[in-house]
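Quick note, the working numbering runs 23 ahead of the 1-based positions in the sequence shown.
Even for Gly, the Cβ is constructed at its ideal location relative to N, Cα and C.
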Amino acid sequence: MTCSDAGGQEDARRSQPALDSTSPLEWIIAAAGGLLLVAALAYMVVFAVTTPERPPAVTLSVTSVTTTPGGYLVSFRAANAGGETAAGLQVSGELRQGETLIETSDMSIDYLPQRSERRGGLFFSANPADHQLSLRAHGYSEP
Numbered sequence: 024m025t026c027s028d029a030g031g032q033e034d035a036r037r038s039q040p041a042l043d044s045t046s047p048l049e050w051i052i053a054a055a056g057g058l059l060l061v062a063a064l065a066y067m068v069v070f071a072v073t074t075p076e077r078p079p080a081v082t083l084s085v086t087s088v089t090t091t092p093g094g095y096l097v098s099f100r101a102a103n104a105g106g107e108t109a110a111g112l113q114v115s116g117e118l119r120q121g122e123t124l125i126e127t128s129d130m131s132i133d134y135l136p137q138r139s140e141r142r143g144g145l146f147f148s149a150n151p152a153d154h155q156l157s158l159r160a161h162g163y164s165e166p
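Structure below.
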């Protein structure tokens, strides 16, 4: 082996990065990221195993009544406390005076996921304040 070959090998070794050039801070950050990933996966598995399947549990509540040029808008909140999603949820509102049905209004909510809420509105020509207003969910489909 000649002197020029030995010097060339030393230069090649110097130009290669060290195999363990990862700083302690990078190891700490990588470990924290790994722990977060494992914790998120564990949470999802525990949630899936321990949460019983329950049908949608929809509740409707009036949030406001507004006068519009064509009549009245009854704004409402639909909340699904159940364990499944309700797609195509049919909602209706009725205005009654005693036993007499004055007016109805219907609408549908495309998608109401589990443990969530959506807002909507029903239009009436009669004033809801002068009558008994009731809201009812009629049906849904599974997505």
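- Judged by DSSP in its simplified three-state form, E140 adopts strand.
- The DSSP assignment places 94 to 103 as complete runs of the beta strand (DSSP E) inside the stretch 82 to 115, in order along the chain (cut-off: 3 residues).
- A160: member of the beta strand (DSSP E) spanning 155 to 164, first to last residue.
- Contact annotation, R159 with S115: C-beta distance approximately 6 Å; criterion of less than 8 Å satisfied.
- Per DSSP, reduced to three states, the secondary structure at T73 is helical.
- Classified as exposed, A152 has fewer than 16 neighbouring CB atoms from the shown chains inside 10 Å of its CB.
- S131: member of the beta strand (DSSP E) spanning 123 to 135, first to last residue.
- With a beta-carbon spacing of about 13 Å, L83 and Y163 fall beyond the 8 Å limit used to define contacts.
- In this structure, I132 is the residue among L59, I132, A65 with its C-alpha nearest to the C-alpha of R100.
- About 7 Å separates the CB atoms of E126 and S148; that is less than 8 Å, so the two are in contact.
- In this structure, T108 and Y66 do not form a Cβ contact; the two beta carbons are roughly 20 Å apart against a cut-off of 8 Å.
- For N150, same chain residues with a beta-carbon under 7 Å away, outside a window of 5 residues either side, are Y95 in chain order.
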